[in-house]
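The opening position of the sequence shown corresponds to residue 97 in this note's numbering, with each subsequent residue numbered one higher.
Built from N, CA and C at the ideal position, the CB exists for glycine as well.
The model shown is predicted, which means the values in this text are computed figures rather than measured ones.
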Amino acid sequence: MKKINKTNQTSMQKGFSLIELMVVLVIIGVLTAIVISQFAKASQRGKISETVSLIGSIQSAVNDITQANSHAIINEASLIGSNRLPSKYIEGTKLYTPFGTELTTLTSPSGKDYTIQFASASKLACENLSNAALMADAVSISIGGTALVGNTMNQTAVKQHCDELASNSDYELSFTFRK
Numbered sequence: 097m098k099k100i101n102k103t104n105q106t107s108m109q110k111g112f113s114l115i116e117l118m119v120v121l122v123i124i125g126v127l128t129a130i131v132i133s134q135f136a137k138a139s140q141r142g143k144i145s146e147t148v149s150l151i152g153s154i155q156s157a158v159n160d161i162t163q164a165n166s167h168a169i170i171n172e173a174s175l176i177g178s179n180r181l182p183s184k185y186i187e188g189t190k191l192y193t194p195f196g197t198e199l200t201t202l203t204s205p206s207g208k209d210y211t212i213q214f215a216s217a218s219k220l221a222c223e224n225l226s227n228a229a230l231m232a233d234a235v236s237i238s239i240g241g242t243a244l245v246g247n248t249m250n251q252t253a254v255k256q257h258c259d260e261l262a263s264n265s266d267y268e269l270s271f272t273f274r275k
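Below, the structure written as structure tokens:
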């Protein structure tokens, strides 16, 4: 039988091979991508919750404004003047969402309704904010220019319209409420 030389065998196994190092680096890269993805989703969910809270603050401000004057015009100036909105969303005479996009409000021509418009919203924000507006008794919801009113305004329709526009990174979103 042939004798194995142990000194040659141990000298060849001193470190990791290039392939082993590359496999470890690929695994670290994949794990990093997963962590970053989850962090981004958590961050967006937090901003969505803040935006839902901001909509509630706007509704409270509108209630205060219209109790004093039922024909009052609802716009950024009247909302800022009500002192009911968190200051972190106010910059001069403009309102901003937690996402950093401009938020505008306007009163309908009849004076009975007011609309909150978001310059842009992601698919996840679209679904969550629209469903929050449904629960807050919105009169209509407009997703990317398509208005949902009456019987067409439900969670299924919201999901469908948000999904249809998912290829666009961001699109306009607006909610109309009764004063």
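Contact set for Ile-151: own chain, Cβ-Cβ below 8 Å, skip 5 residues either direction: Ile-212, Leu-225, Ala-228, Ala-229, Ala-232, Phe-271
Alpha carbon of Pro-194 to alpha carbon of Ser-145, nearest angstrom: 9 Å
Could I get the ranges of all uninterrupted alpha helix (DSSP H) runs contained in the segment 159-192, with 4 residues as the minimum, in chain order? 172-177
Short of 8 Å in beta carbon distance, which residues of its chain neighbour Pro-182, apart from the five on each side in sequence? Order them along the chain. Leu-150, Ser-153
Should Thr-242 be labelled buried (16 or more other beta-carbon atoms within 10 Å of its own) or exposed? exposed
Contact between the segment 195-212 and the segment 122-137: three or more CB pairs below 8 Å? no
Ala-138 to Lys-110 span [Cα, whole Å]: 44 Å
Terminal residues of the alpha helix (DSSP H) in which Thr-226 lies: It is Ser, not Thr, that sits at residue 226 in the sequence shown. Looking at the DSSP string, the run of the alpha helix (DSSP H) that includes Ser-226 is 219-231.
Neighbourhood of Ala-292 by C-beta distance below 7 Å, restricted to the same chain and skipping five residues each side: With the chain running from 97 to 275 in the structure shown, residue 292 is simply not present.
Quick check on the burial criterion: 16 or more other C-beta atoms within 10 angstroms. Buried or exposed for Thr-147? buried
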